[in-house]
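Enquirer: For reference, the structure I am asking about is given below.
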Amino acid sequence: MTSLTMIARVADGLPLAASIQEDEQSGRDLQHYQSQAKQLCRKLNAQSPDRCTLEAGDMNFHYIIAQGVCYLFLCEASFPKKMAFAYLEDIHSEFYDQYGRRVPTVTRPYSFIEFDTYIQKTKKSYVDSRARRNLGSINTELQDVQRIMVANIEEVLQRGEALSALDTKASNLSSLSKKYRSDAKYLNTRSAYAKVAAVAVFFITLIIYLRFWWL
Amino acid sequence: MTHQPNYSPMQAKAPAPPGPGLYPSGPYQPVPPVSSYQPVPPVSSYQPVPPVSSYQPGPPLTSYPASPGQPLLTRPPMGGLPSHTPPQSASPSPGPRLPPAQATPPPPSVSSSSYYQNPQQPQPMAPSWQYNTAPPPMGPPASMSTPPRGPVANHVNPAVSSTAPPPPSSAVYTSAPPAHVSHSATQPPGPRMPPTSAHGYTQPGTVPPPMNPMAPHTYQPSRAPYGPPPTGPPPTMKATPPPTGPPMGNATPPPPKAVGTVAGNGPQAPNSYNHVDNKMAGLPQPGPPGRHLGHYPSLPPGYQNTSTPHNTTSPMHPAMQAATQPYTQAPQPYQQPPGGPGPAQLSPSLAAMSLQSSTPEALRVVNLLQERNLLPPRPIPAPTPCLPQDLQKINCNPEVFRSTLTSIPQTQSLLNKAKMPLGLLLHPFKDLSQLPVVTSSTIVRCRSCRTYINPFVSFLDQRRWKCNLCYRVNDVPEEFMYNPVSRSYGEPHKRPEVQNATIEFIAPSEYMLRPPQPAVYLFVLDVSHNAVETGYLNVFCQSLLDNINALPGDSRTKVGFITFDSTIHFYNLQEGLSQPQMLIVSDIEDIFLPTPDSLLVNLNECKELVQDLLKSLPTLFEKTMETQSALGSALQAAFKLLSPTGGRMSVFQTQLPNLGVGALQSREDPNQRASAKDIQHLSPATDFYKKLALDCSGQQVAVDLFLLSSQYCDLASLGCISRYSAGSVYYYPSYHHQHNPAQVECFQKDLKRYITRKIGFEAVMRIRCTKGLSIHTFHGNFFVRSTDLLSLPNVNPDAGFAVQMSIEENLDDMQVVSFQAALLYTSSKGERRIRVHTLCLPVVNSLSDIFAGADVQAISGLLACMAVDRSVTASLSDARDAMTNAAIDSLTSYRQSVLTIQQPGLLAPACLRLFPLFILALLKQKSFRTGTSTRLDDRVFAMCQLKYQPLAYAMLMIHPSLYRIDDLTDEGALNISERTIPQPILLQLSVEKLSREAAFLMDAGTVMYLWIGRNCNPNFLSQVLGVPSYASVPDNLFMLPELDTAESQRTRAFIGWLRDQRPFFPSLRVIRDESQWKASFMQNMIEDRTESALSYYEFLLHLQQQISK
């Protein structure tokens, strides 16, 4: 099964550890997902929901954010969500135990790459269908999994762009309305002039009429 | 010249890829634009992570402009010696006078792309290997007029011109200076202000200003006669009286400039003096004339006389002289008192000193036919580029980065005239004792050419720097303003990046396409009957067991094993098993992995299983009768296993693969070895191995091949697997655990080094050079991914590379050019790092300066690489001819263009005096020799080594060192860590140097021979060898007994010291007259005649004959 696990610091998106498992049969291009994962880590901030599932085609990104660290897991959409989050929780507790205190100080990317070994082992126990049965206990712990927000990866990555598009549209609109307003004013004055002119013509004609026919 | 025709097609001095400035994007894949770098909190940290708070927001700017003399700020100007084209009227060089042939050069990529192409298509070996075929058009007069790099020359007698003004010349000169000035005026503001920079340069020297006025006095008398000087006594140490007479003899009015540097006789002064000295001398002088005086060339014969003894007694090497540069000034003040005495009255040492600066030692004319004893007593150091001292001080170490010409010609036509190859030799991943490492969230690079900031950039002001490769002006990022070393703000030019020519960066995540891979080692072992016979498995398993904890890596390190004969055997080493599980796959046509997860295992977790396996492996196959070898399938299986992560595959093979894919046939006919007109089968028989290697390269897998065999194994085909995947090849001919203990020891030591040495994974290397230069051919083991990007799945500290270059655009306005090699790799600890080397070299516009800067070792090394290519694409005899022609052409060019007096004999500048010897050595080297019986695999292996070994080791293989070691003394010994290492002098490789009463050590790189004379001093025999007499010296003696005598200790210290200097282990062979190794020892006697090859003297005669044609 193709999967990608990544641990990053939320503050600046610095990757701390990662583990990749490629599957020969699927032949999927992980490169694309990797760059998406990197972008995602950079987009996330303290305001992001701390548990979320993002759909990206037939793959899903699951992530949790805890203590300023984001744990991201990419797997096939068919992989049970519960399991994915249980796995992330597991990784989180171990990672926090081992490296939690050093997270804010590191500057080098993948400083804790050695955590890869643990990730792989843990993943194996979660992914392996035979081992999965032994993990029945987790079911109870994770009832709230249904409430986890689901969004589309494209939306998240492009949320910024959408907002700016909205902004331009709005400003367009306001400039258009301004134009409309000035145009309307202009039209108003024109029609007023036309009325005055019509009245004037009428009276002049009247005066001339009176002048020549009555006198 | 019969060879000449060969040359013409080669003309194509490749137009090569666009200059570095044009490279569109970042070098390392999709690096996002700089702007997108995210400001990481810990802003920058140079090893000691500086507290961010220490940033000084204060007004940093003031100090910077205040000190114009700061050499760092005003780098490029080189003391305001802009290309002195003004007087160029007669100079033949400038201008794009490319010969027509060059107008139609093959596309740049051709030569490098030859790697992609089917090697069997005979591809006319690309260009640059050859220089112009036609004899250079310019006659001696032309050369006379070439200004030798402006005022560069004899600064010593600056006053001469003012006092002895030959009208024409002075006219030329006076006109020159203005041009010069205006030239600099047009330079972009900033660094190029000549006065400033010159000032900067003078500072380092401690030159008393008064010295200049003095000079005139001493020189005046000598200057007076313009006519040909009396062909006085032989000026230098050579015997031929007429030749060395100051070339100035010809000097008609225009000469001054020409002769300056050309007057090759001046004994010593290396070129490198000129810049500094010139400035020192010239500056105090009020006007430009002062400088130009320097050109007065001629040295009175009397001078030369006096200087001679000095020279002969202490032939200083240029490099050494350069080191003493500042001191040469000292004597000058002394010249004052004499007040104008003829030079002859000066004490010899004074004269010698002053002469030093007038003619570079490198250009001293040497008549090779007359002077037999040219070999220096100690190994030759690399020449020092002729750069201002402050630049040279921080320049890249020549062991890491070296150029064939330490002075780069200004134009391609000039380079063609010099007929020397232009190229770089690199040893980028060399183990360094000191390497500054920088951690920083932004790595400062040029925005257009992506050059890393380096010591040779110039800072326009505090906020902007100018790239020294593409000349784009870039901003200095805020973070760079803080200097973590000195903890100060506002001194970007003091950052470690700008202070070190070799530096390593910890790469931010933009430089990673994927998380750094773990260290992965896969061993693929031949266990056929033949392999078991050799007994190598024992040695291998034992070595790996001993060093398993020294395998570079971290807690993620993975290992795996595959063995093969006619089937493939995998080993399941998964944690939890009680013992290793062998899985046999007999379907070699369609190979698959039985249990993909558990074949490559974490070394830390499964160490016991791995150790179990290594202990049982040798016995597992003891009884095997399987003789076939399915190497191709085993490689495919190994590739499948490694492809998800990448890593290193070590393949041990003992016979010709003869089953399944990649099976080979024997192509060698032993009877033809000596007699064949031309050597066949130097190219691979199948492209299977190359294709597989390219697949490996794509998946970051490198294949190292250990070939242990007594039979023909077709290394030419098998070697491709390592060549294109950036692996290395080791070859142990006739390996046997009992019959050949020397090879066993060698294999053991090599394995130890191999297992424990540093390693870089998923690496790429890019070499950039200043706009105008272009790189067109690469030599070494790698795959060329794009025009200048070398893909190196693995990089190891023992790999060398060479590149050939051409000059695309004239380097008119440049004083210096720079080259930068950047190697991005993942360390075994999972860190992504970038190692950057930057080399800076001066640009010159006269042939004599080019010759003066020639690095004969580098040239020979590069020629060897080119010749290997040529032997494969064309034929061996072609390659041999080409090498001979290289020597003929460059010496012809020297004679016709630089020498002003035609004299008999074979003349060479001192810096090239060993060139013919090295060429002859190459012709007699295993790779290229003909006539003697050489096994094809031996030859191909020698060729691989020439291309792959760093220059220092390759030179030993080309020209071994011979020492007399029965009389070692502590005189002049080195003292290294409390060990005294005697330093015997180098002897020429000629039997006449051997004597029956002595013992000699020949160091041929991979092997050392200790030759014992028949009547050798019995003291030596007993004290060092521990035998009573010559007759009792054992036949198979491979190591010296550890005797507790002074002689024994000295000898062992010396041999141990030689061995420590190289990464591989040279085995020692003690030989007597009747020993089986005597033949190979004698074959290294390069200067002697053999049945099929010329002696050195005959070779020189041959050269002379060709040259005078």
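Protein sequences appear in the order of chains A and B.
Heads up, the first sequence is in UniProt numbering, so the first residue is 1 and it goes up one at a time.
Heads up, the second sequence is in UniProt numbering, so the first residue is 1 and it goes up one at a time.
The C-beta atom is built at its ideal place from N, Cα and C for all residues, glycine as well.
Below 8 Å between beta carbons: does that hold for B/Ile1012 and B/Arg929?
Expert: Taking the second sequence and counting its residues from 1, the one referred to as residue 1012 of chain B is at position 1012. Taking the second sequence and counting its residues from 1, the one referred to as residue 929 of chain B is at position 929. Going by C-beta atoms, B/Ile1012 is not nearer than 8 Å to B/Arg929.
Enquirer: Looking at the C-beta of A/Ala102, does it have a partner C-beta in chain B at a distance below 8 Å?
Expert: Numbered from 1 along the first sequence, position 102 holds the residue referred to as residue 102 of chain A. According to the sequence shown, residue 102 of chain A is Arg rather than Ala. With 8 Å as the cut-off, A/Arg102 does not count as an interface residue toward chain B.
Enquirer: Unbroken alpha helix (DSSP H) runs of length 4 or more, entirely within the region 360-407 of chain B: which are they?
Expert: Listed in chain order, the complete alpha helix (DSSP H) runs (minimum 4 residues) inside the region 360-407 of chain B are 389-394.
Enquirer: Quick check: what's the CA-CA separation for B/Leu1103 versus B/Gln804?
Expert: As a position in the second sequence, residue 1103 of chain B is number 1103, starting the count at 1. As a position in the second sequence, residue 804 of chain B is number 804, starting the count at 1. Cα to Cα, the separation comes out at about 25 Å.
Enquirer: Taking the alpha-carbon positions, what's the B/Leu375 to B/Gly972 distance?
Expert: Here residue 375 of chain B refers to the residue found at position 375 of the second sequence. Here residue 972 of chain B refers to the residue found at position 972 of the second sequence. Those two C-alpha atoms are separated by around 18 Å.
Enquirer: Locate the alpha helix (DSSP H) running through B/Tyr571, then write down its first and last residues.
Expert: Translated into positions along the second sequence, residue 571 of chain B becomes position 571. Run containing B/Tyr571: none in the alpha helix (DSSP H); it sits in the beta strand (DSSP E), 568-572.
Enquirer: For B/Gly861, does the count of other Cβ atoms within 10 angstroms reach 16, so buried, or fall short, so exposed?
Expert: Here the question's residue 861 of chain B lines up with position 861 in the second sequence. Buried: at least 16 other Cβ atoms inside 10 Å.
Enquirer: Using C-beta distances below 6 Å, list every residue in its chain close to A/Asn152, excluding the 5 sequence neighbours before and after it, in chain order.
Expert: Against the first sequence, residue 152 of chain A aligns to sequence position 152. These residues qualify, in order along the chain: Glu55.
Enquirer: If you draw a straight line from the C-alpha of A/Pro15 to the C-alpha of B/Glu510, how long is it?
Expert: For this step, residue 15 of chain A is matched to residue 15 along the first sequence. For this step, residue 510 of chain B is matched to residue 510 along the second sequence. Rounded to whole angstroms, A/Pro15 to B/Glu510 spans 11 Å at the Cα level.
Enquirer: Pull the bridge partners of B/His837 from the DSSP assignment, please.
Expert: Position 837 of the second sequence, counting from 1, holds the residue named residue 837 of chain B. B/His837 pairs with B/Thr502, B/Ala821.
Enquirer: For B/His529, which residues from the same chain have a beta carbon less than 7 Å from its beta carbon, with the 5 sequence-adjacent residues on both sides left out?
Expert: Residue 529 of chain B sits at position 529 when you count from the first residue of the second sequence. The residues are Thr624, Met625, Glu626, Thr627.
Enquirer: Quick one: is B/Ile976 buried, meaning 16 or more other Cβ sit within 10 Å of its Cβ, or exposed?
Expert: On the second sequence, position 976 is the one that residue 976 of chain B refers to. Answer is exposed; the Cβ neighbour count stays below 16.
Enquirer: Might you give, ordered along the chain, the residues of its own chain that have their beta carbon closer than 6 Å to the beta carbon of B/Val940, omitting 5 neighbours on each side?
Expert: What you label residue 940 of chain B is simply residue 940 of the second sequence in a count that begins at 1. Closer than 6 Å at Cβ, skipping near neighbours: Leu715, Ala716.
Enquirer: By the DSSP assignment, the beta strand (DSSP E) with residue 1111 of chain B in it spans what residues?
Expert: Limits of chain B in this structure are 1 at one end and 1109 at the other, which puts residue 1111 of chain B out of reach.
Enquirer: Would you please verify whether the beta carbon of B/Arg495 is less than 8 Å from any beta carbon of chain A?
Expert: On the second sequence, position 495 is the one that residue 495 of chain B refers to. Not closer than 8 Å to any Cβ of chain A, the Cβ of B/Arg495 fails to qualify, so no.
Enquirer: Is A/Thr117 close to chain B, meaning its C-beta is less than 8 Å from at least one C-beta of that chain?
Expert: Residue numbering aside, residue 117 of chain A sits at position 117 when the first sequence is read from its first letter. It does: the Cβ of A/Thr117 has a partner Cβ on chain B nearer than 8 Å.
Enquirer: Here's a check: name, in chain order, each residue in its chain whose Cβ is nearer than 8 Å to the Cβ of B/Val532, leaving out the five neighbours to either side.
Expert: Residue numbering aside, residue 532 of chain B sits at position 532 when the second sequence is read from its first letter. Phe621, Glu622, Thr624, listed in sequence order.
Enquirer: Do you know offhand how far B/Leu369's Cα is from B/Gln1106's?
Expert: For the purposes of this step, residue 369 of chain B is identified with residue 369 of the second sequence, where counting begins at 1. For the purposes of this step, residue 1106 of chain B is identified with residue 1106 of the second sequence, where counting begins at 1. Answer to the nearest angstrom: the Cα atoms are 14 Å apart.
Enquirer: If we cut at 8 Å on Cβ distances, does B/Ser828 have a partner in chain A?
Expert: As a working note, residue 828 of chain B is residue 828 in the second sequence. Not one chain A Cβ lies under 8 Å of B/Ser828.
Enquirer: Considering only their Cβ atoms, is the gap separating B/Lys926 from B/Leu942 smaller than 8 Å?
Expert: Here residue 942 of chain B is taken as the residue at index 942 of the second sequence, counted from 1. Here residue 926 of chain B is taken as the residue at index 926 of the second sequence, counted from 1. Note that residue 942 of chain B corresponds to Ala in the displayed sequence, not to Leu. Yes, Cβ-Cβ distance for B/Ala942 and B/Lys926 is below 8 Å.
Enquirer: Is it the case that the Cβ atoms of B/Phe918 and B/Val856 are separated by a distance below 8 Å?
Expert: To locate residue 918 of chain B, count along the second sequence from 1; it is residue 918. To locate residue 856 of chain B, count along the second sequence from 1; it is residue 856. Closer than 8 Å, so yes.
Enquirer: At least one CB of chain A closer than 8 Å to the CB of B/Ser25: is that the case?
Expert: Counting from 1 along the second sequence, the entry for residue 25 of chain B is found at position 25. Below a pLDDT of 50, predicted positions are generally treated as unreliable, and B/Ser25, at 37, falls in that range; the measurement from the model is reported next regardless. Closer than 8 Å: no.
Enquirer: In whole angstroms, what separates the C-alpha of B/Tyr1009 from that of B/Lys393?
Expert: Stepping through the second sequence from its first residue, residue 1009 of chain B is reached at position 1009. Stepping through the second sequence from its first residue, residue 393 of chain B is reached at position 393. C-alpha separation (whole angstroms): 38 Å.
Enquirer: Beta-carbon within less than 7 Å of B/Ile503's beta-carbon, same chain only, minus the 5 sequence neighbours each way: which residues are those?
Expert: By one-based count along the second sequence, residue 503 of chain B stands at place 503. Pro436, Val438, Pro496, Glu497, Val836.
Enquirer: With a CB to CB cut of under 6 Å and the five nearest residues on each side skipped, what residues in its chain are close to B/Leu426?
Expert: Taking the first residue of the second sequence as position 1, residue 426 of chain B is located at position 426. Same-chain partners within the cutoff: Phe401, Phe801, Ala821.
Enquirer: Touching or not, the region 603-614 of chain B and the region 677-688 of chain B, by the rule of three or more beta carbon pairs under 8 Å?
Expert: Result no; under three Cβ-Cβ pairs closer than 8 Å.
Enquirer: Please list the residues of the region 430-449 of chain B that have a C-beta atom closer than 7 Å to any C-beta atom in chain A, keeping them in chain order.
Expert: The region 430-449 of chain B vs chain A, Cβ under 7 Å: Thr439, Ser441.
Enquirer: Using the Cα positions of B/Arg935 and B/Pro670, report the straight-line distance between them to the nearest angstrom.
Expert: Within the second sequence, numbered from 1, the residue matching residue 935 of chain B stands at position 935. Within the second sequence, numbered from 1, the residue matching residue 670 of chain B stands at position 670. Spanning the two alpha carbons is a distance of roughly 8 Å.
Enquirer: Considering B/Glu762, what are the terminal residues of the beta strand (DSSP E) in which it resides?
Expert: Taking the second sequence and counting its residues from 1, one reaches residue 762 of chain B at position 762. Per DSSP, B/Glu762 belongs to the beta strand (DSSP E) from 760-769.
Enquirer: With DSSP as the reference, label B/Met582 as helix, strand or coil.
Expert: For the purposes of this step, residue 582 of chain B is taken as residue 582 along the second sequence, with counting starting at 1. Strand, per DSSP.
Enquirer: Take A/Ala84 and list the residues in its own chain whose beta-carbon comes closer than 7 Å to its own, dropping the five residues that flank it on each side.
Expert: If you number the first sequence from 1, residue 84 of chain A lands on position 84. Once the five neighbours on either side are set aside, the close Cβ partners of A/Ala84 are His62, Phe73, Cys75.
Enquirer: For A/Asn45, I'd like the list of residues in its chain whose CB is within less than 7 Å of its CB, leaving aside the five on either flank, ordered along the chain.
Expert: Working through the first sequence from its first residue, we reach residue 45 of chain A at position 45. So the qualifying residues of the chain are Val10.
Enquirer: Would you identify the three-state DSSP class for B/Ser827, choosing helix, strand or coil?
Expert: Residue numbering aside, residue 827 of chain B sits at position 827 when the second sequence is read from its first letter. Residue state, collapsed to three classes: strand.
Enquirer: Just the C-alpha distance for B/Val520 and A/His32, rounded to the nearest angstrom, thanks.
Expert: Position 520 of the second sequence, counted from the first residue, corresponds to residue 520 of chain B. Position 32 of the first sequence, counted from the first residue, corresponds to residue 32 of chain A. So the two alpha carbons sit approximately 24 Å from each other.
Enquirer: Please list the partners that A/Leu187 has in chain B, where partner means a Cβ-to-Cβ separation under 8 Å.
Expert: Position 187 of the first sequence holds residue 187 of chain A. Within 8 Å Cβ-Cβ: nothing; A/Leu187 doesn't reach chain B, min ~48 Å.
Enquirer: Measuring only the C-alpha atoms, how far is B/Tyr536 from B/Ala663?
Expert: Start at 1 with the first residue of the second sequence, and residue 536 of chain B comes out as number 536. Start at 1 with the first residue of the second sequence, and residue 663 of chain B comes out as number 663. Going by the C-alpha atoms only, they are around 22 Å apart.
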